[in-house]
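These notes concern the structure reproduced below.
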Amino acid sequence: MSIPVIIDCDPGLDDAVALFMAFASDELDIKAVTVVAGNQTIDKTSKNARDLVAFAGGKCRVSVGASKPLLRELSTAEFVHGDTGLKNIVLPRADFDFSKEKPHEIIYEEALKNEGKIHIIALGPLTNIAAALLLHPDLKEKIGHITLMGGSCYLGNHTPAAEFNIFVDPEAAKIVFESGIDLTMVGLDVTNRAMVFEDEIEEFFNLGNRVSRTVGEILLSSLDFVREFGFEGVPMHDPFAMASVIEPDLMETKQYHVDVETRGVHTSGKTVVDVYNVRGLRPNASVGVDLSREGFVRLLKRLMKKYGE
Ligand code: BDR
Ligand code: CA
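Quick note: the sequence shown, position 221, residue 214 per the numbering used here, numbers continuous.
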């Protein structure tokens, strides 16, 4: 039986690959894609999301969400994802309209309809999810699980302390981590190691379909940038979060208590993960701590093959 999911995202190059994986996977039943501002402004992330869904042959609703974090101004990651949010990738324009319903309405409606089984896969700042929880106080009892790409036990990537998605909207992240919903945090501890190496990229071009070629282009266009930071390959943050839902055995998790720093001068947006349980609090998240990189790349290839050879 496939898992009913809502994908909340801010495409974004790696969000794009994660969406391609999701639409190729029999394990997921995608109810909607909801969009948030993050890697780029909401007009750009929404357009990208809609074009990506169409490109992957997806049929679900695409809903335009928050244009800025709950309390802060938006910080984007233009230096990673370029002016359009998809760097040099140009997609055909989708031939369908955005949903008239807002993300919080869709999340609430699907949570009810799926009777506690809806799984939200959050690949951007958590603004839409937090807004839904604020607007529907009973929603937290009705969501089955949230898997989020964000945070880390140790270092950040957008600041020395904070990972980008949590940095952009720490107040939203705090609401989600304190909600009591079953959470899986797929942070940099694992996603920085979910790399595709240069000699593995060729195969995505060789598969020969337009989606796998686009994945190849995304990987190639990211190589120089990630090398500047000392990576041997391209870390696939959002795709690995997606992979952890499709094939849970790819990731090892530990139960930890996670707080979100919202005020630190140098540490705003840091996930404070109590690895040694020094505070003695009950864990509120399963945190990804180890992975099978080879298994991830194998899954990525298997799914891209589904778009044709
Ligand atoms: C996260 O930040 C974004 O730039 C990526 O899309 C990913 O969701 C990685 O820190
Ligand atoms: Ca993202």
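Yeah, the Cβ is synthetic: ideal placement off N, Cα and C, and Gly gets one too.
Coarse secondary structure for residue i, derived from DSSP in three states
i             : result
serine 285    : coil
histidine 151 : coil
proline -3    : strand
proline 232   : helix
alanine 278   : strand
glycine 226   : strand
serine 39     : helix
aspartate 3   : coil
aspartate 182 : helix
arginine 54   : strand
histidine 259 : coil
alanine 15    : helix
leucine 216   : helix
threonine 120 : helix
glutamate 245 : strand
Anticipated Cβ contact below 8 Å, residue i with residue j, distance rounded
i              : j             : result
valine 10      : proline 232   : 5 Å
threonine 38   : proline 62    : Incorrect: roughly 13 Å between the Cβ atoms, too far for contact.
isoleucine 114 : valine 251    : 18 Å between Cβ atoms; not a contact.
serine 60      : isoleucine 35 : 4 Å
aspartate 1    : histidine 230 : About 14 Å separates the two Cβ atoms, so there is no contact after all.
leucine 48     : leucine 84    : Here residue 48 is phenylalanine; the residue named in the question, leucine, does not match the sequence. Yes, they are in contact, since the Cβ atoms of phenylalanine 48 and leucine 84 sit about 5 Å apart, within 8 Å.
valine 179     : alanine 234   : 4 Å
aspartate 319  : proline 118   : Coverage of the chain is limited to positions -6 through 302, which leaves residue 319 absent and any answer about it impossible.
Residue i versus residue j - alpha carbon distance
i                 : j              : result
valine 57         : asparagine 277 : 29 Å
leucine 296       : leucine 274    : 39 Å
phenylalanine 160 : leucine 21     : 29 Å
isoleucine 139    : glutamate 94   : 21 Å
glycine 209       : valine 290     : 13 Å
arginine 256      : alanine 87     : 41 Å
glycine 109       : aspartate 283  : 28 Å
glutamate 302     : lysine 263     : 43 Å
leucine 132       : glutamate 102  : 10 Å
leucine 127       : glutamate 254  : 20 Å
Contact test: residue i Cβ vs ligand 1 heavy atom, cutoff 7 Å
i                : result
phenylalanine 13 : no
glycine 5        : yes
leucine 67       : no
glycine 117      : yes
phenylalanine 91 : no
valine 26        : no
Where residue i falls, given that 16 or more other Cβ within 10 Å makes a residue buried
i              : result
asparagine 121 : buried
serine -5      : exposed
asparagine 81  : exposed
lysine 52      : exposed
glutamine 248  : exposed
lysine 106     : exposed
proline 153    : exposed
histidine 259  : exposed
glycine 50     : exposed
asparagine 199 : exposed
arginine 43    : buried
arginine 54    : buried
asparagine 270 : exposed
aspartate 242  : exposed
Distance cut-off 7 Å: residue i Cβ against heavy atoms of ligand 2
i              : result
aspartate 231  : yes
asparagine 185 : no
leucine 213    : no
asparagine 41  : no
cysteine 2     : yes
aspartate 8    : yes
Short CB-CB distance (under 8 Å) between residue i and chain C
i              : result
methionine 142 : You won't find chain C in this structure, because it holds only one protein chain.
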